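S.K.:
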Amino acid sequence: MASLEPLPVFTTYIKDELEPFDPELLCLIASDDDGDNAIPMGEDDCYTKVVDDFAPLNPSSTPTGVDAFDPGFSNLEVEDLMNLLVPEHARVPLFRSQSCPTPTKKIGKRTKKCTYAARRREVAFLRKETVALEKRLNDLRSHCEASSLEREQAAMEKSGLAATQAENARLRAMVSSQEAKIRKADAYMSSRQHALLLLVHKCVVLQERMQMYDANGVAILSNMVQNGATFVTQLYALECLVWATFDDSKLSEPEFKVLAESVRDATLQELSEFVDVLQHGSEQEKEDTAVLCAAIVSRGQRDAMRDVGVVPPLVELLRNGTVLQKRWASEVLGTLACGSSDTNRVAIARDGAISPLVAILRAGPDVAKLNATAALGNVAFESSANATAIVEEGAISPLVALLRTGTDKQKQQATSTLGILAYRNREHCGAIATEGGISVLVGLLQTGSAVQKQYAAATLGILTVNGALCEVIVLEGAIPLLVALLRADTSEQKIEAAAALGNLAVNNDRNQAAIAREGAIPPLVALTRTGTEAQRTNATYALTHLGKNDANAAAIERERERIARRRPLRHSRFEM
Numbered sequence: 001m002a003s004l005e006p007l008p009v010f011t012t013y014i015k016d017e018l019e020p021f022d023p024e025l026l027c028l029i030a031s032d033d034d035g036d037n038a039i040p041m042g043e044d045d046c047y048t049k050v051v052d053d054f055a056p057l058n059p060s061s062t063p064t065g066v067d068a069f070d071p072g073f074s075n076l077e078v079e080d081l082m083n084l085l086v087p088e089h090a091r092v093p094l095f096r097s098q099s100c101p102t103p104t105k106k107i108g109k110r111t112k113k114c115t116y117a118a119r120r121r122e123v124a125f126l127r128k129e130t131v132a133l134e135k136r137l138n139d140l141r142s143h144c145e146a147s148s149l150e151r152e153q154a155a156m157e158k159s160g161l162a163a164t165q166a167e168n169a170r171l172r173a174m175v176s177s178q179e180a181k182i183r184k185a186d187a188y189m190s191s192r193q194h195a196l197l198l199l200v201h202k203c204v205v206l207q208e209r210m211q212m213y214d215a216n217g218v219a220i221l222s223n224m225v226q227n228g229a230t231f232v233t234q235l236y237a238l239e240c241l242v243w244a245t246f247d248d249s250k251l252s253e254p255e256f257k258v259l260a261e262s263v264r265d266a267t268l269q270e271l272s273e274f275v276d277v278l279q280h281g282s283e284q285e286k287e288d289t290a291v292l293c294a295a296i297v298s299r300g301q302r303d304a305m306r307d308v309g310v311v312p313p314l315v316e317l318l319r320n321g322t323v324l325q326k327r328w329a330s331e332v333l334g335t336l337a338c339g340s341s342d343t344n345r346v347a348i349a350r351d352g353a354i355s356p357l358v359a360i361l362r363a364g365p366d367v368a369k370l371n372a373t374a375a376l377g378n379v380a381f382e383s384s385a386n387a388t389a390i391v392e393e394g395a396i397s398p399l400v401a402l403l404r405t406g407t408d409k410q411k412q413q414a415t416s417t418l419g420i421l422a423y424r425n426r427e428h429c430g431a432i433a434t435e436g437g438i439s440v441l442v443g444l445l446q447t448g449s450a451v452q453k454q455y456a457a458a459t460l461g462i463l464t465v466n467g468a469l470c471e472v473i474v475l476e477g478a479i480p481l482l483v484a485l486l487r488a489d490t491s492e493q494k495i496e497a498a499a500a501l502g503n504l505a506v507n508n509d510r511n512q513a514a515i516a517r518e519g520a521i522p523p524l525v526a527l528t529r530t531g532t533e534a535q536r537t538n539a540t541y542a543l544t545h546l547g548k549n550d551a552n553a554a555a556i557e558r559e560r561e562r563i564a565r566r567r568p569l570r571h572s573r574f575e576m
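Numbering (this note's numbering), first residue to last: 1 to 576.
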């Protein structure tokens with residue numbers, strides 16, 4: 001968060017509006033008004049020596065001032081000259097001593113005439129200078145009187161400036177206090193974001209998520225998504241809730257959708273910056289940005305992420321990234337491939353993501369295998385070309401290996417991905433059977449979780465499209481396990497089991513008899529009456545093919561009549 005701009009600093013400097021004075025002129029202003037102390041000033045207001053402005057009559061003399069002016073004159077002549085400079089009202093009579101020495105040098109008439117002419121010129125010049133100096137002195141005195149008012153105004157301004165400076169200091173202290181609070185808030189938000197990022201990484205592990213749920217984590221994270229102080233905080237909290245919704249069923253999908261819609265869309269500039277960090281950031285920055293990208297695509301901005309070019313740097317992370325970078329890159333690509341739009345799936349395959357995803361299945365880190373499996377399934381969804389490319393890269397063998405030794409989530413996702421690959425191309429069914437996938441899938445029907453049983457039944461139902469594999473499935477003991485799913489608690493298991501049994505019964509009398517012998521007809525008939533639309537559809541499909549066996553047809557009719565004769569019980573209080 002940007003800090004406030006500092007307030008302007010008021011300077012204490014006051015510019016003197018008076019024209020500049022020479023220091024000697026300031027002394028002159030402070031002195032008495034006696035004109036005898038006047039110092040000659042030039043036209044440029046600078047101190048000058050009058051005598052130095054013209055050359056002496058006697059070239060051999062070197063005068064230094066009026067008192068020392070001696071161009072060959074006598075002392076009496078100098079006194080007469082100086083007396084001329086004194087104002088007439090202040091002129092005093094001169095008493096010449098009879099003992100004053102006279103020039104020893106005899107001066108001729110011609111020389112004396114020239115000397116007095118020069119003397120008159122000098123006297124006229126000095127009088128002119130005196131007038132100029134008096135005028136200058138008067139100007140300075142009037143200026144001095146006017147400046148006293150200016151000094152008073154300056155004093156008032158200085159007082160106001162002092163008050164302003166005090167207010168400025170108070171405001172600066174207030175700003176400093178606010179900046180300290182902002183820094184503290186920034187540090188708090190930074191620590192909060194860091195804590196949320198750590199929580200995101202912990203949520204990768206199921207046991208850690210269970211601890212979070214026990215600590216009321218869903219409610220806390222939901223509040224952060226809706227009321228988070230920063231965009232990043234909201235995204236991190238939302239990413240934590242992805243597991244709670246789609247993996248652990250702690251939050252319903254409609255509730256998650258409402259929370260996701262409460263977070264604003266990332267701007268085009270922000271998305272472009274994310275791509276730049278994925279390409280040129282540090283290893284930690286790439287990892288953190290991949291987490292943000294995962295949250296953004298989870299809330300629905302998939303096409304926007306694709307348009308800014310996020311796929312190529314993510315593919316590069318799949319190839320050469322760290323363990324966690326591969327984990328998050330595969331999740332982002334897998335989520336990008338979700339949805340009805342095939343554009344993202346085409347872009348992911350075109351930019352070369354299939355090969356590194358399959359490589360992760362073979363020898364990648366365990367934390368990345370689950371997301372790589374999901375990404376491959378989503379990329380193959382509704383794309384036969386992508387499904388074929390995945391199989392050609394050798395994905396079936398590591399997928400079957402996950403069915404055997406993977407975690408519960410890995411088994412679940414591998415089952416789904418194998419079903420998608422088989423659905424997009426029937427030739428892939430044989431490759432799955434060759435790798436031993438059928439026996440593992442049948443085993444999940446018996447020992448797997450509810451979702452694993454659902455996905456295994458669906459995948460086996462797809463494999464039964466290949467008639468040659470139906471016998472293998474039956475020999476592995478799938479029929480009683482599928483019939484048991486017809487009585488299961490989950491609707492999805494019933495749907496998939498009915499479809500698989502119907503496929504096994506198609507044009508196969510032995511399978512039809514075996515299915516009826518395992519007691520499939522009563523639950524199938526019940527589903528046609530009380531099941532959901534999908535359950536009724538699949539149950540009707542299975543009964544249609546089972547009824548092609550005469551014994552089964554009779555059994556189906558008897559079960560329908562038995563249910564029809566069944567009348568609802570009435571309580572005695574409501575009988576008329």
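Glycine included, C-beta positions come from ideal geometry on N, C-alpha and C.
Please read these numbers as outputs of a predicted model, since none were measured by experiment.
Please determine, among Ala389, Ser298 and Asp509, the residue with the shortest C-alpha to C-alpha distance to Trp328.
M.R.: Ranking the options by Cα distance to Trp328, first place goes to Ser298.
S.K.: Quick check: what's the CA-CA separation for Asn425 versus Ala353?
M.R.: C-alpha separation (whole angstroms): 20 Å.
S.K.: Sort Tyr455, Ser397 and Asp408 by Cα distance to Ile420 and report the nearest one.
M.R.: The shortest Cα separation from Ile420 among Tyr455, Ser397 and Asp408 belongs to Tyr455.
S.K.: When you compare only the Cα positions, how much space is there between Arg172 and Ala229?
M.R.: Between Arg172 and Ala229, the C-alpha separation is close to 27 Å.
S.K.: Determine the extent of the alpha helix (DSSP H) in which Ala497 is found, giving its start and end residues.
M.R.: From DSSP, the alpha helix (DSSP H) with Ala497 extends over Ser491 to Ala505.
S.K.: Spatial neighbours of Leu444 within its chain, please: CB distance less than 6 Å, with the 5 preceding and 5 following residues excluded, ordered by chain position.
M.R.: Result list for Leu444: Gln452 and Ala456, in chain order.
S.K.: Which whole-angstrom value describes the C-beta separation of Thr415 and Thr459, a residue pair presumed to lie in contact below a C-beta threshold of 8 Å?
M.R.: Correct: roughly 5 Å between the Cβ atoms.
S.K.: Check each candidate in Ser177, Glu239 and Met174 and name the one with the smallest Cα separation from Leu198.
M.R.: Checking every option, the nearest Cα to that of Leu198 belongs to Glu239.
S.K.: Return the residue from the list Pro398, Ser397 and Val379 that minimises the CA-CA distance to Ala389.
M.R.: With distances taken between Cα atoms, Ala389 lies closest to Val379.
S.K.: Go ahead and pull the three-state DSSP assignment for Val367.
M.R.: Val367: helix per DSSP, three-state reduction.
S.K.: Determine the burial state of Thr373: buried for a count of at least 16 other Cβ atoms within 10 Å of its Cβ, exposed for fewer.
M.R.: Buried, because 16 or more other Cβ atoms sit within 10 Å of the Cβ of Thr373.
S.K.: Leaving aside the five residues before and after Val440 along the sequence, list all residues of the same chain whose C-beta is less than 8 Å from its C-beta, in chain order.
M.R.: Once the five neighbours on either side are set aside, the close Cβ partners of Val440 are Val400, Leu403 and Arg404.
S.K.: Just the C-alpha distance for Thr346 and Asn386, rounded to the nearest angstrom, thanks.
M.R.: Going by the sequence as given, residue 346 is Val instead of Thr. Their Cα atoms are separated by approximately 8 Å.
S.K.: Which residue from His545, Ser177, Arg565 and Glu393 puts its Cα closest to that of Asn508?
M.R.: Residue His545 is the option with its Cα nearest to Asn508.
S.K.: Can you tell me which of the three DSSP states Cys203 falls into?
M.R.: Here Cys203 sits in coil by DSSP.
S.K.: Report yes or no: do three or more beta-carbon pairs, one from the region 545 to 563 and one from the region 498 to 518, lie closer than 8 Å?
M.R.: Result yes; three or more Cβ-Cβ pairs closer than 8 Å.
S.K.: Is the region 523 to 542 close to the region 489 to 497, with three or more CB pairs under 8 Å?
M.R.: Touching, yes, given that three or more Cβ pairs across the two stretches are closer than 8 Å.
S.K.: On the CB-based measure, 16 or more other CB atoms within 10 Å of its CB, does Lys128 come out buried or exposed?
M.R.: Its Cβ having fewer than 16 others within 10 Å, Lys128 is exposed.
S.K.: Keeping to the same chain, check which residues put their C-beta closer than 6 Å to that of Cys470; ignore five residues upstream and five downstream.
M.R.: Thr464 and Leu504, listed in sequence order.
S.K.: Buried or exposed, going by whether 16 or more other CB atoms sit within 10 Å of the CB of Leu268?
M.R.: Burial call: exposed.
S.K.: Would you call the region 222 to 237 and the region 286 to 298 touching, i.e. three or more CB-CB distances under 8 Å?
M.R.: Yes, since at least three Cβ pairs between the region 222 to 237 and the region 286 to 298 fall closer than 8 Å, the two stretches touch.
S.K.: Use the C-beta contact count for His280: other C-beta atoms within 10 angstroms, 16 or more gives buried, fewer gives exposed.
M.R.: Result: exposed.
S.K.: Quick one: Cα of Glu476 to Cα of Ala484, how far?
M.R.: Distance between the alpha carbons of Glu476 and Ala484: 15 Å.
S.K.: Could you compute how far the alpha carbon of Gln413 sits from the alpha carbon of Leu370?
M.R.: Roughly 7 Å between the two C-alpha positions.
S.K.: From the DSSP output, in three-state form, read off Thr230 for me.
M.R.: In this structure, Thr230 counts as coil in the three-state DSSP scheme.
S.K.: Looking at the structure shown, is Asn425 part of a helix, part of a strand, or coil, going by DSSP?
M.R.: Note: Asn425 maps to coil in three-state DSSP.
S.K.: Can you have a look at His194 and say buried or exposed, based on whether 16 or more other CB atoms are within 10 angstroms of its CB?
M.R.: His194 is exposed by the Cβ-count criterion.
S.K.: When you compare only the Cα positions, how much space is there between Asn320 and Pro312?
M.R.: If you take the alpha carbons of Asn320 and Pro312, they lie about 12 Å apart.
S.K.: Tell me the rounded alpha-carbon separation between Thr447 and Asn466.
M.R.: Going by the C-alpha atoms only, they are around 25 Å apart.
S.K.: Quick check on Phe125: does DSSP put it in helix, strand or coil?
M.R.: If DSSP states are grouped into helix, strand and coil, Phe125 belongs with the helices.
S.K.: Compare the C-alpha of Ile296 against each of Glu134, Val332 and Tyr541 and name the closest.
M.R.: Comparing Cα-Cα distances from Ile296 to each of Glu134, Val332 and Tyr541, the minimum goes to Val332.
S.K.: What three-state label does DSSP hand Ala266 in the structure shown?
M.R.: DSSP places Ala266 in coil when its eight states are reduced to three.
S.K.: Thinking C-beta only, is Ile521 closer than 9 Å to Ala555?
M.R.: For Ala555 and Ile521, yes; Cβs fall inside 9 Å.
S.K.: Are Ala244 and Leu196 close, meaning C-beta to C-beta below 9 Å?
M.R.: Their beta carbons are not under 9 Å apart, which means Ala244 does not touch Leu196 by this criterion.
S.K.: Under a Cβ-count criterion, where at least 16 other Cβ atoms within 10 Å of its own Cβ denotes burial, should Pro365 be classed as buried or exposed?
M.R.: Exposed, since its Cβ has fewer than 16 Cβ neighbours within 10 Å.
S.K.: Around the C-beta of Arg264, are 16 or more other C-beta atoms found within 10 angstroms, so that it is buried, or is it exposed?
M.R.: Burial call: exposed.
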